Structures are given as C-alpha cells and as structure tokens.
Amino acid sequence: MAEFINESMILDSLRNHPHIVNFIGISCNPDVGPAIITSWMEHGTLTNIIGLDPPSQYRRQMVEQIVDGMSFLKASNVIHGDLKSSNILISYNGRACIADFGLSRFAGNWRSSPPTVAFGLQIAESTLSWLLRVPYPTDCNTRVGAGSPRWMAPELLLPSQWESAHTTFESDIFALGMVIYEICSGKIPFHEVNEYMAMINIVQGKRPHRPEQVSDDLWFITTICWASHPSLRPSIDVVKRTLESKSPLDTQTMKTRR
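Using this note's numbering, the letters of the sequence shown correspond one by one to residues 26 to 283.
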C-alpha cells in the first residue's frame, strides 16, 4: 500500500504535461483492490512502435519528447527509477508519454534498501571475478528488485564500488542512453545475450554497438549518457540543449554546463 500511495502522489504532482502519462485518479473497488487510473494510450508502448520500424524523423521526435518529459521530472524533483521503452506509452496522436512510476521517488526521499537481484546475486566486487567464470544459463531471465537490468546504471548493479546504490537523476540519464539506443536500433540493449550477461557487460564498461542509421548527435548523446561514472553523465537540460542544437557538444562543454 505504501508503494501505491507513493506512486499516486508522484503522478498527482506531475499533471498536465504532454509527455507524462495523464493521472486521472484512483479506484478503490473492494473486489479488485486499489488501482491507479490514467488516460488510455491507444498505441500501447514505445516498444511496440519501434518494432514497426518507424522513419528516422519519428524516432528523433520520440527522443525529443522523452527528453522533454524527463526535463519536467527533474524540474519536479522526481527520479523515475525504471526508464525503458516498455514504460513509455504512445497516445492516440503519437505522443510519447513517460509512465509507470512504481519505482519513482522524490529526490532526497531514499528507499529503505538498495536494489537486489531476485534469484541470483547482488553483484559485489568480491563476486564479480567468480561470475565471469560461471557458464550462464541460456534460459536465465534475471530480474532486479528495483529496476530492469539492461537499463540500469553500473552503480546500481555494483553498489560496493559507489557511495550509494539508490536511484538518482544520473542513473535516470544512463537509462535514457539505453532508451535512445532502443529507439535508434529497434532492439533492446544487449539483445544478443540474456539479462545475466547484460549485467556483466554493463559493470565491465561494455556498451551496445552503434546502429547504422543513428545520427552523429544522437549517438554522441547516447554514449555520454551511459558513461560509467555518474559525474561524467550530462544533466537532462544539457541533453535537451544538445538535441535542439542538432550538433554534438564536446565532453568538456557537457561538464561545464551541468
């Protein structure tokens, strides 16, 4: 119930933005339990749309709209915590709307415990070398208690090396890089391996390869967003300005304009 109340409060604080799912209210039907009511999204998820191989112009519009929505989240002091294409819905007129705030929080409002791997391991420095020697099962579908592994920043997967294992604006930026990759490639991050190996790739600093059709500025944004160290990732405002300029900023400019 606490998570339901938290998600309802966050959605209520994010009303009336074109790229955030519209919160209508809550239902307390005793037969089905409490439920959050949002606007119906006719075209389903962004995952469905990019699977239809949309034109490059529409792909870019999706990136711009998601970034605009994330900029609003930052201004509202909200960390999403689980950004991925399946948590972005498409409205009747084709707008991208960020949804699923079940793992979101207001900045400064820490969750009681860091994310853990549901069946396997919370990747610790002492176990990483062992993991790399273990043959991974081909049917493995690792889930993490507070997020989705393929989109998660390394500090969330390897908390022993970082000051905090909590989601941050910087970990949202990392996930944004993975979402842009999804939009440009039409594939989930590390689609060639299962989630177990995707986690290993992320903590080792490996990233998906550049899709052929991605523009230079979008690829630059993607790669700087998924920098291994949180401090090297741009703020969402810098990402937005870079998209608007349609030309890559150098890394030093990214840092100084945060």
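Even for Gly, the Cβ is constructed at its ideal location relative to N, Cα and C. Quick caveat: nothing in here was measured; it's all calculated off a predicted structure.
Taking 8 Å as the threshold (C-beta atoms), are residue j and residue i in contact?
i, j, result
"residue 193", "residue 255", "yes"
"residue 62", "residue 51", "yes"
"residue 32", "residue 126", "yes"
"residue 249", "residue 259", "yes"
"residue 29", "residue 59", "yes"
"residue 207", "residue 75", "yes"
Who does residue i pair with in a DSSP beta bridge?
i, result
"residue 54", "58"
"residue 190", "Per DSSP, none; premise fails for residue 190."
"residue 131", "103"
"residue 63", "48"
"residue 113", "123"
"residue 72", "Answer is none; residue 72 lacks a bridge partner."
Kindly list the residues whose CB is nearer than 7 Å to the CB of residue i, restricted to its own chain and excluding five residues on each side of it in sequence; keep chain order.
i, result
"residue 238", "81, 209"
"residue 104", "129, 130, 132, 192, 193, 194, 197"
"residue 327", "Residue 327 is absent from the model: the chain starts at 26 and stops at 283."
"residue 262", "96"
"residue 83", "none"
"residue 99", "194, 261"
"residue 247", "202, 205, 206"
For the putative contact between residue i and residue j, defined by C-beta atoms under 8 Å, what is the C-beta separation to the nearest angstrom?
i, j, result
"residue 113", "residue 91", "6 Å"
"residue 182", "residue 227", "6 Å"
"residue 64", "residue 47", "4 Å"
"residue 101", "residue 39", "6 Å"
Going by alpha carbons, who is nearest to residue i out of the options?
i, options, result
"residue 179", "236, 232, 268", "232"
"residue 122", "263, 89, 100", "89"
"residue 205", "267, 28, 243, 269", "243"
"residue 245", "203, 213, 229", "203"
"residue 110", "270, 38, 47, 200", "200"
"residue 70", "34, 252, 117, 35", "117"
"residue 187", "36, 253, 120, 35", "253"
"residue 108", "72, 26, 268", "72"
"residue 241", "230, 270, 34, 87", "270"
"residue 67", "268, 247, 218, 120", "120"
Near residue i, what residues of its chain come up, given a Cβ to Cβ distance below 6 Å and the 5 sequence neighbours on each side ignored?
i, result
"residue 94", "44, 45, 123"
"residue 251", "199, 202, 232"
"residue 177", "none"
"residue 85", "none"
"residue 229", "none"
"residue 265", "92, 96"
"residue 87", "121, 208"
I'd like the list of long-range same chain contacts for residue i, defined as Cβ closer than 8 Å, with 5 residues on each side in sequence excluded.
i, result
"residue 78", "211"
"residue 49", "62, 63, 64"
"residue 166", "Low confidence applies to residue 166: its pLDDT is 38, below 50, so where it sits in the model is not reliable enough to give any reading."
"residue 234", "none"
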